[in-house]
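Protein sequence lines correspond, in order, to chains A and B. The opening residue of the first sequence carries number 1 in the UniProt record's numbering; numbering runs sequentially from there. The opening residue of the second sequence carries number 1 in the UniProt record's numbering; numbering runs sequentially from there. Note that CB positions come from ideal geometry on N, CA and C, so glycine has one too.
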Amino acid sequence: MAQATTAAAEPMVRLERVSKRFGATLAVETASFDLEPGSFLTILGPSGCGKTTLLRMIAGFIRPDGGSIVLNGRPVAADPPWRRSIGMVFQKLALFPHMTAAQNVAYPLKMRGFPRQGMAERVERYLSIVRLGGLGGRRPHELSGGQQQRVAIARALVFEPDLLLLDEPLAALDRKLREDMQLEFRRIQRELGVTTINVTHDQREALVMSDRILVMEGGRIQQAANPVDTYARPANRFVAGFLGVTNFLPGRLASLAEGRAVVEVEGTRLEGLCADPSLAPGAAVAAAVRAERVRIAGTGETAPDESDVEGEVVEVVFEGDRFVYELRMPSLGGIPLRLFDLDPLAHPRHAPGERVTVAWRHRDLMVFPA
Amino acid sequence: MASTIHDKGAGRPVGLRLLDLLEAARELLWPARMAPLTPWLFLLPAVLLTGLLAAGLIPLLDASLRPLDRATFRLAEDYALGNYATLATRPVYGVIALRTLMAGLIVTAATLALAFPYAWMMVRTQHAWLRKLLLVSLFLPFFIGQVVRAYGWLIILGKQGLLNALLDGLGLPPSSLAFTYTAVLIGLVQYMLPFAVLMLAPALTAVPVEVELASASLGARPFATFRHILLPMARPGIVAAGIVVFTLTLTDFAMPEIMGGGGNDFIASAVYDAFFQLGDAGLGAALGIGLTLVGSAVVGVILAFFGLGTLGYVEGREERS
Chain A
1 MAQATTAAAE PMVRLERVSK RFGATLAVET ASFDLEPGSF LTILGPSGCG KTTLLRMIAG
61 FIRPDGGSIV LNGRPVAADP PWRRSIGMVF QKLALFPHMT AAQNVAYPLK MRGFPRQGMA
121 ERVERYLSIV RLGGLGGRRP HELSGGQQQR VAIARALVFE PDLLLLDEPL AALDRKLRED
181 MQLEFRRIQR ELGVTTINVT HDQREALVMS DRILVMEGGR IQQAANPVDT YARPANRFVA
241 GFLGVTNFLP GRLASLAEGR AVVEVEGTRL EGLCADPSLA PGAAVAAAVR AERVRIAGTG
301 ETAPDESDVE GEVVEVVFEG DRFVYELRMP SLGGIPLRLF DLDPLAHPRH APGERVTVAW
361 RHRDLMVFPA
Chain B
1 MASTIHDKGA GRPVGLRLLD LLEAARELLW PARMAPLTPW LFLLPAVLLT GLLAAGLIPL
61 LDASLRPLDR ATFRLAEDYA LGNYATLATR PVYGVIALRT LMAGLIVTAA TLALAFPYAW
121 MMVRTQHAWL RKLLLVSLFL PFFIGQVVRA YGWLIILGKQ GLLNALLDGL GLPPSSLAFT
181 YTAVLIGLVQ YMLPFAVLML APALTAVPVE VELASASLGA RPFATFRHIL LPMARPGIVA
241 AGIVVFTLTL TDFAMPEIMG GGGNDFIASA VYDAFFQLGD AGLGAALGIG LTLVGSAVVG
301 VILAFFGLGT LGYVEGREER S
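Structure (structure tokens):
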């Protein structure tokens with residue numbers, strides 16, 4: 001399991017071996033990570049991976065079975081939510097419909113015993129931070145979806161919590177608004193420097209918004225790394241498949257030396273990289289190559305550091321910025337392969353039924369235990 | 001008959017021709033151009049029923065304005081306010097009215113206070129078995145009926161009852177709750193509880209659990225969340241349940257009759273006595289009119305205070321996001 005690089009500063013959040021079991025299911029298994037002050041972490045995973053349970057344990061809605069949660073130097077695992085300095089934005093926003101936007105934002109200040117004096121100014125200041133200045137008198141149902149999001153953010157931040165939690169608040173929005181709000185969250189988060197944990201199943205959101213991504217599956221943290229490393233150097237087969245469009249070629253390891261692996265797939269030998277030195281020749285492996293790292297090559301056009309394989313076009317789709325090819329690979333046992341041609345205007349379109357040679361660099365083939 | 005479906009000799013199968021016949025009959029009774037009125041047709045039975053009830057008030061009002069002629073034991077031919085004067089001047093009716101109104105207020109407050117946590121638990125619990133248990137316990141008393149339940153309470157509260165046996169066992173002095181006002185109130189609260197819970201549950205279901213979680217994460221302790229979030233958001237259900245419990249209590253007959261032991265009559269008991277003990281239908285009608293007025297006035301005040309939107313007619317359309 002990947003560990004966070006220890007920062008020089010005291011972490012704002014430290015989880016140590018936090019676990020939660022629901023009946024027979026282990027929802028979260030010994031989750032540990034540190035989070036530096038001011039950084040943005042995304043917990044990414046499919047539904048049911050335990051990410052929401054983990055977030056709710058940090059928020060205080062669910063009590064962990066074991067492990068410790070330290071927030072700003074103080075252990076909080078036994079504290080109720082109202083005693084933790086955590087702001088939270090929910091997927092359903094959970095605005096109070098009987099209060100105006102300003103009353104919603106003032107609510108945590110009143111509940112947390114902030115002085116009355118200056119409260120109205122503070123509420124107005126946070127409303128303008130989220131670009132809702134002057135709309136404080138409106139009720140939630142008089143605001144658009146995006147504006148409601150902003151009220152929820154202002155309400156979660158107005159009391160200057162140590163930590164901001166985002167429980168998939170963007171999942172219900174349409175794509176355009178979601179992408180706008182991703183950048184908006186990031187802007188506000190940078191402006192205020194608030195440490196943030198975001199939960200999502202949307203890989204794009206994770207890549208766009210985060211300083212660090214924590215990929216979860218089956219209650220376990222699979223990888224914790226920055227977005228580029230998570231995408232470029234997935235820790236295991238699950239992470240490789242969850243982010244991006246990845247082709248998996250099942251085979252056997254022929255040899256492995258200094259991270260360079262040779263894999264045999266249905267009699268074809270392919271070179272690739274393998275980060276797992278424990279694998280022995282003969283082990284069942286999955287060789288993975290991303291759809292955008294595969295190209296269609298003319299005959300005899302391949303470079304010495306490339307593998308080339310014959311394929312047959314099954315389907316081709318034009319998506320504006322790319323051709324998406326579905327191929328069948330007779331020399332790899334007929335397995336399907338997906339390929340993105342990211343320069344569709346410069347290349348001819350290959351029709352279904354056409355035989356083509358596809359190629360990828362050796363270093364783009366990642367070898368994982370099957 | 002099974003073969004008739006395949007019988008194409010007569011052109012169309014018998015089944016379809018039967019449908020044609022029905023269709024024609026429908027066209028005759030309720031032509032297609034009447035279709036826009038169809039929704040109103042469904043409203044008609046209910047409107048007729050409530051209308052009938054309102055119309056029933058007219059003969060009642062008529063009777064209430066005719067004092068009893070003590071010579072003939074018939075209601076007078078001419079209108080007079082004698083019955084209402086009797087109600088106003090005989091102190092016993094004031095006492096009964098006050099006792100009934102007080103019971104309405106106390107029972108409503110107590111029932112809502114007990115029903116709210118019950119309904120909340122029923123709506124929010126994660127455990128299916130607990131929800132089922134709460135629901136079954138709620139509906140079980142419905143099958144028993146008010147009279148039997150009242151006698152059940154007498155068994156518990158009576159001199160040789162379970163309560164006194166328990167007190168005796170604990171070495172405490174026996175209580176004499178049976179046939180008291182308190183006994184009537186206890187019986188009524190228990191009777192009203194299911195109604196209140198059933199009306200509160202949907203109102204609480206309409207409050208998303210995330211709203212409660214958000215309130216907690218924003219710094220509110222459970223009581224503050226209840227007071228500032230749950231109470232205002234569940235207001236339609238609370239007001240509706242309150243109105244139902246209050247009016248049911250105000251007009252209740254069996255509980256004060258059985259558990260009050262004759263000394264704790266409500267208005268309904270007085271109505272009964274006027275009609276069937278005194279044989280004075282005029283006085284009984286006046287009591288009935290008075291009860292209707294008091295009940296309507298209280299409900300009117302509640303609705304004026306909280307607004308019609310309280311019942312969810314207007315606010316129910318708000319997005320609860």
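Less than 8 Å separating the beta-carbons of residue i and residue j?
i, j, result
"Gly311(A)", "Met329(A)", "yes"
"Val70(A)", "Val123(A)", "no"
"Leu164(A)", "Val151(A)", "no"
"Ile86(A)", "Met216(A)", "no"
"Ala55(B)", "Arg66(B)", "no"
"Val358(A)", "Arg293(A)", "no"
"Ala254(B)", "Ala110(B)", "no"
"Arg361(A)", "Asp305(A)", "yes"
"Ala284(A)", "Arg322(A)", "no"
Just how far apart, CA to CA, sit residue i and residue j?
i, j, result
"Val244(B)", "Thr108(B)", "9 Å"
"Tyr231(A)", "His98(A)", "44 Å"
"Pro227(A)", "Ala120(A)", "39 Å"
"Asp100(B)", "Ile186(B)", "The residue asked about is misnamed: residue 100(B) is Thr in this sequence, not Asp. Roughly 14 Å separates the two Cα atoms."
"Leu61(B)", "Ala80(B)", "12 Å"
"Asn198(A)", "Thr302(A)", "43 Å"
"Arg363(A)", "Val317(A)", "27 Å"
"Arg84(A)", "Val76(A)", "7 Å"
"Gly298(A)", "Ala225(A)", "37 Å"
"Pro39(B)", "Leu52(B)", "21 Å"
"Val184(B)", "Ala224(B)", "34 Å"
"Leu214(A)", "Pro208(B)", "29 Å"
"Arg212(A)", "Met181(A)", "19 Å"
"Pro80(A)", "Tyr191(B)", "37 Å"
"Gly45(A)", "Lys51(A)", "7 Å"
"Arg190(A)", "Ala156(A)", "15 Å"
"Met259(B)", "Leu218(B)", "49 Å"
"Ile229(B)", "Leu200(B)", "15 Å"
"Tyr118(B)", "Phe73(B)", "52 Å"
Taking 8 Å as the CB-CB cut-off, is residue i touching chain A?
i, result
"Pro202(B)", "no"
"Gly219(B)", "yes"
"Ile229(B)", "yes"
"Ala216(B)", "yes"
"Ala206(B)", "no"
"Ala234(B)", "no"
"Leu130(B)", "no"
"Leu213(B)", "yes"
"Glu77(B)", "no"
"Ser210(B)", "Ser is not the amino acid found at residue 210(B); the sequence shown has Glu there. Output row for Glu210(B): interface = yes."
Just verifying my parser: in three-state terms, what is the DSSP assignment at residue i?
i, result
"Asp174(A)", "coil"
"Arg33(B)", "helix"
"Asp305(A)", "coil"
"Met216(A)", "strand"
"Leu75(B)", "strand"
"Pro250(A)", "strand"
"Ala304(B)", "helix"
"Lys51(A)", "helix"
"Leu278(B)", "coil"
Ends of the alpha helix (DSSP H) at residue i?
i, result
"Val147(B)", "146 to 157"
"Phe340(A)", "Taken as a continuous stretch (DSSP letters only), Phe340(A) belongs to no alpha helix (DSSP H), being part of the beta strand (DSSP E) at 335 to 341."
"Arg361(A)", "Segment 355 to 361 is the beta strand (DSSP E) holding Arg361(A); no alpha helix (DSSP H) there."
"Asp252(B)", "First-last for Asp252(B): undefined, no H or E at that position."
"Thr89(B)", "82 to 89"
"Ile153(A)", "145 to 157"
"Phe195(B)", "181 to 205"
Can a CB atom of chain B be found closer than 8 Å to the CB of residue i?
i, result
"Arg155(A)", "yes"
"Phe185(A)", "no"
"Met12(A)", "no"
"Pro37(A)", "no"
"Arg355(A)", "no"
"Ala59(A)", "yes"
"Arg122(A)", "no"
Would you kindly report the start and end of the unbroken beta strand (DSSP E) that includes residue i?
i, result
"Met329(A)", "323 to 329"
"Leu44(A)", "40 to 44"
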